[in-house]
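Below: the structure, in structure tokens.
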Amino acid sequence: MIRPRSLRHDPKGWLIALFGVGAPLVFVIAAAGSGIGLWGWQAGLAALPWTVLVAVITLVLAIVFIALNRRKGQKTHWPMLGLGLLATLGFLAFLVPYGTAMVTLPAIHDITTDLADPPQFATLTLRADNWDNIPGADDRGMRGMNPRQRWATVHQGAYPDIRSVRIDQPVAVVIEKAERLAEDRGWDIVSVDPSAGSLEATSTSSLFRFKDDIVIRARAAENGAASVIDVRSVSRVGVHDLGANAKRVRRFLSDLSGTTTTASQ
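My numbering numbers the first residue of the sequence shown as 27 and each following residue consecutively.
As structure tokens, this is what we get:
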């Protein structure tokens with residue numbers, strides 16, 4: 027059997043291409059399979075460390091192959107090796123922000139602008155294990171605190187900028203604008219009451235189809251001429267949200283308030 031010339035002369039390149047493209051492909055399949063219910067989200071995430079390991083090994087091998095070729099004065103056959111190298115680098119670059127969030131942000135999944143009085147869900151249901159696995163149980167500085175107190179302490183330390191805002195518009199107007207913004211984001215709105223100043227919705231991620239529940243609360247200020255807005259975003263599953271809920275709250279409040287906002291202490 028005669029093999030293609032590129033395969034005969036570049037087995038190393040084919041190896042790098044196979045694993046370089048294969049690792050991100052397996053990750054996408056694992057995530058998409060979880061998203062459509064072929065297997066649980068835990069199984070989908072379990073594939074991640076293995077695909078990262080394969081990608082790192084692939085990157086190391088590619089560098090070694092290139093270095094050996096140069097040392098021996100041999101020509102590097104770039105088409106397949108380059109493909110695998112680019113796929114590997116792209117995959118690892120895609121994962122860098124998530125890895126950084128994993129090690130720099132606390133393992134919490136419930137983010138709100140009001141730690142003392144978080145907005146409460148009326149239509150949606152707060153997950154039953156919401157206060158389980160809150161970090162700090164073994165921290166000497168938080169000794170004696172219950173899970174909710176530890177959550178508030180950790181939350182404040184990680185996200186001091188997330189707090190209530192005041193908008194110079196009546197409650198009903200603010201909630202109507204919030205509804206339009208939620209629709210623009212593709213959130214599934216489950217309840218909205220402009221007169222009561224409340225909106226509840228669910229955001230679904232693209233690959234794993236993770237669902238995060240959001241509640242927006244608007245309270246009248248200055249005899250109804252302004253509103254104090256609070257937002258709460260909670261992941262339905264998992265312990266660490268990798269900063270996704272905080273990012274969502276920040277962006278939503280920024281879009282909702284525009285230039286008419288002042289921070290509310």
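Think of the CB as a built atom: it goes at the ideal place given N, C-alpha and C, for glycine as much as any other residue.
From a predicted model like this one, the values you see are computed outputs, not experimental measurements.
(message) Please classify GLU248 as buried or exposed, where buried requires at least 16 neighbouring CB atoms within 10 angstroms.
(response) Looking at its Cβ environment, which holds fewer than 16 other Cβ atoms inside 10 Å, GLU248 is exposed.
(request) Rounded to whole angstroms, what's the CA-CA distance from ALA178 to LEU141? Just pull it up for me. (result) Across the structure, ALA178 and LEU141 are spaced so that their CA atoms are roughly 6 Å apart.
(request) Can you check DSSP and say which residues form a bridge with LYS237? (result) Residue pairing by DSSP places LYS237 opposite THR230 in a beta bridge.
(request) Could you pull out every unbroken alpha helix (DSSP H) segment of at least 4 residues lying fully inside the stretch 34-62, listed in chain order? (result) The qualifying runs are 37-61.
(request) Report buried or exposed for MET106, applying the criterion of at least 16 other Cβ atoms within 10 angstroms of its Cβ. (result) Buried, by the Cβ-count rule.
(message) DSSP three-state label for ALA247, please.
(response) Strand at ALA247.
(message) Rounded to whole angstroms, what is the Cα-Cα separation between ASN296 and ILE201?
(response) Given that the chain is displayed from residue 27 to residue 291, the structure contains no residue 296 and the question cannot be resolved.
(request) In angstroms with no decimal places, state the Cα-to-Cα distance between ALA56 and THR230. (result) Rounded to the nearest angstrom, the two C-alpha atoms are 17 Å apart.
(request) Give the range of the beta strand (DSSP E) segment to which ASP187 is assigned. (result) Unbroken run through ASP187: none, as it is neither H nor E.
(message) Quick check on TRP21: buried or exposed, where buried means 16 or more other Cβ atoms within 10 Å of its Cβ?
(response) Nothing can be reported for residue 21: it is not among the residues displayed for the chain, which extend from 27 to 291.
(message) Taking a contact to mean a Cβ-Cβ separation below 9 Å, would you say ASP194 touches ASP238 in this structure?
(response) No, the pair does not count as a contact, with Cβ atoms beyond the cut-off.
(request) Go ahead and pull the three-state DSSP assignment for ARG258. (result) Of the three classes helix, strand and coil, the one that applies to ARG258 here is strand, per DSSP.
(request) May I have the straight-line CA-CA distance separating ASP164 from ARG176, to the nearest angstrom? (result) Rounded to whole angstroms, ASP164 to ARG176 spans 11 Å at the Cα level.
(request) Leaving aside the five residues before and after ALA198 along the sequence, list all residues of the same chain whose C-beta is less than 8 Å from its C-beta, in chain order. (result) Within the same chain, ALA198 has close Cβ partners PRO220, SER221, GLY223.
(message) Just to confirm the assignment, what range does the beta strand (DSSP E) spanning ARG192 have?
(response) Going by DSSP, ARG192 is part of the beta strand (DSSP E) stretching over 191-193.
(message) My parser needs the beta strand (DSSP E) runs of 3 or more residues fully inside the stretch 67-142; what are they?
(response) Segments of the beta strand (DSSP E) lying fully in the stretch 67-142: 136-138.
(message) Pull the bridge partners of ILE13 from the DSSP assignment, please.
(response) As shown, the chain starts at 27 and ends at 291. That puts residue 13 outside it, with no answer to give.
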